[in-house]
Structure formats: C-alpha cells, structure tokens
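Protein chains in written order, with my numbering: chain A, 1 to 142; chain B, 143 to 284. Think of the CB as a built atom: it goes at the ideal place given N, C-alpha and C, for glycine as much as any other residue.
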DNA sequence: CTCGTCGTTCGCACGAATTGTGAATTCGCA
DNA sequence: TGCGAATTCACAATTCGTGCGAACGACGAG
C-alpha cells in the first residue's frame, strides 16, 4: 500500500526546517492527521484533540492547520459552503463526495493527461482538481 | 455561438412554473445574470443591482440566488474560502481559475468520458466538476 | 543545567459571509 | 378591485475563521 500521509516524524522535521517549534499540541495534531482519510474539519480535529488534551484551543488547531497548509503538508478543501475540510494526503489525487451522507473519499484518477481545454487559450494550468458528486456505495444500498 | 445562459424571459417562466412571483427585484437580477460570464459574488450582484435599483436589499439578492440555485438555473461555486461565486451558465462545463488575478473562466473539457476512478468502488457519479488552477494569459504576459 | 529569546498558546474580540425572523408590502389570480 | 399568499427588507443571529496581546514554553547558547 502506498504511503500517502506524512508521518508525525516527517512533519516534525518539516516544522523544524521552517524554524517552527514542536509543541505537544502540534505533535498531537500531527498524530491525529497521520493516515487520516476522513477529511476532517477544524472543529472535528479540535474535538478529537480535546479528548487527549483537554484545554487545547480551537485557535491553536486553526493555527497549526494553517501552518501545515502554508508549507504544503496539508491541503485545504472547499467543496461548498460550510467549514473547510483538511486533507493530509498530498499525493496527486482527487475526491468523490456523496450527496446523501456528505462523505468525502480520496480517489486516484486515470486519464487526466488526455483532457483538453476549450475556451481559455494560453491558460497555463499548474494544477487540476476533480470532484465527483454522486452516491456512495453505502448510501446506494439503502 | 452557443446559447449558454438563460434569458430573463426563461427565468420568468421558470419562476412562474414553480409558483414564485415576479418582482422588479427579481427581474433586474435575471437581467444582470443573463450572459454574465463574470462569475459574480452576491455582493458584486448587489452592487450592480443597486445602481439600477437603489434600495434593493442584499438579503433579496441572496434570496433570489438561492431560489435560482434550487431550481437548477444557477450554479453556486466554492473555489476556496471566501464568498461564493454564481454561474448562470448551466451547460456542462468546467472552470479555470487564475492564481494571480483570481479570474474565473468557463471552459469546455473533452476527454472526461475516459476518466477512470480508482479507490471508490460502487460510487455512482452523477456530476463532475473540474477546476484547473494556473496562470491566465494576461497575467502570464506581465 | 540554566537562561534568555522568540515562537506559541489561547481567550477574547472582531470580521466576513450567510441565514433567520417578522412586519409591512406587493404580486397576481378571481 | 380585492384578497391571500409570496416577497422584500431591516435587523439580529449564526457560522467560520482571523487579529491581537499577555502569559507561557521550547530549545539553542553558554
């Protein structure tokens, strides 16, 4: 299985490399994000973090998520209105979103190299994000 | 040139068909949206509407945009944090977003039929949205 | 190990974007 | 024209996120 999420140790190194310090709060968040495919919101991470570290501030969660985003170790996702979702998977991938239950899932998409754009001459595309909306397997089963 | 935006007259019919009334405020917004490729925010539409109808309420703009979205005559776009953008083009298309100037442009994409999804078995995809991020022609020219 | 220096935490207040509420108004059918 | 239901709009509330600053704590130098 491909390694997709940064390990806490790697994030520690990345923070140190940027002159940032390692605090227990940050380390806890690194652990909560590691191999986390749930695309949590800041609130969700705050709730999870509060279990193991009561008193941690929502402000600190936002701060750390912002720092991780700034150094490219985390992607911030805005599918619609509502809170942002955070994705520790920084490999080249895309998302499916279930319109019924709202679940977000990482997917790998083949064929993107053959997409052709009509209507924006001379636009230099650096990145591509694809979102599939529909119904997930478990919601379709009901 | 393909007709991509609903005409005010069509929107009037759509509203009537749904039991909604036609007010001067709504009619003005229909006109402002017709053939509008600027992907305006609610605030931008409010500003534009205020020129021709001083006193119109931002609340009414939101209300009308929500109604249009609900009946599928308008798409609501959330590219990142910040205000939602509204797209009166309801044909099957996608978007390019310039990271420099923030401009949003409609594009038509070929090859989407050949995309294959790995990682979400049995997900039934109803809709697809693709966003290309990069640099637009005019920003690249600087 | 101790110290001093920044970076960090976190409560609070603020800000932006959007929605709830309800009284006054107005559309549109009869 | 008149009635009833939909609409407008000001105001307040909500949601999500950020600015600020005092107290705290990580960590390299000595």
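Within 7 angstroms, strictly: CB atoms of residue i and residue j
i                     : j                     : result
residue 221 (chain B) : residue 239 (chain B) : yes
residue 9 (chain A)   : residue 28 (chain A)  : no
residue 257 (chain B) : residue 111 (chain A) : yes
residue 39 (chain A)  : residue 5 (chain A)   : no
residue 65 (chain A)  : residue 44 (chain A)  : no
residue 106 (chain A) : residue 89 (chain A)  : yes
residue 200 (chain B) : residue 172 (chain B) : no
residue 237 (chain B) : residue 246 (chain B) : yes
residue 130 (chain A) : residue 272 (chain B) : yes
Nearest neighbour of residue i, chosen from the options [CA to CA]
i                     : options                       : result
residue 67 (chain A)  : A:95, A:141, A:37 and A:15    : A:15
residue 132 (chain A) : A:65, A:113 and A:102         : A:102
residue 162 (chain B) : B:198, B:212, B:149 and B:196 : B:212
residue 217 (chain B) : B:178, B:259, B:193 and B:167 : B:178
residue 234 (chain B) : B:198, B:153 and B:215        : B:215
residue 51 (chain A)  : A:62, A:127 and A:25          : A:25
residue 267 (chain B) : A:126, A:127, A:139 and A:124 : A:139
residue 149 (chain B) : B:269, B:159 and B:174        : B:174
residue 204 (chain B) : B:155, B:265, B:270 and B:188 : B:188
residue 219 (chain B) : B:270, B:159 and B:160        : B:270
Beta-bridge partners of residue i, as assigned by DSSP
i                     : result
residue 127 (chain A) : B:275
residue 208 (chain B) : According to DSSP, residue 208 (chain B) bridges with nothing at all.
residue 104 (chain A) : A:97
residue 231 (chain B) : B:147
residue 118 (chain A) : B:250
residue 20 (chain A)  : Residue 20 (chain A) pairs with nothing; no bridge assigned.
residue 219 (chain B) : B:227
residue 41 (chain A)  : A:85
Inter-residue CB distance, residue i and residue j (contact presumed, cutoff 8 angstroms)
i                     : j                     : result
residue 137 (chain A) : residue 263 (chain B) : 7 angstroms
residue 277 (chain B) : residue 242 (chain B) : 6 angstroms
residue 223 (chain B) : residue 84 (chain A)  : 6 angstroms
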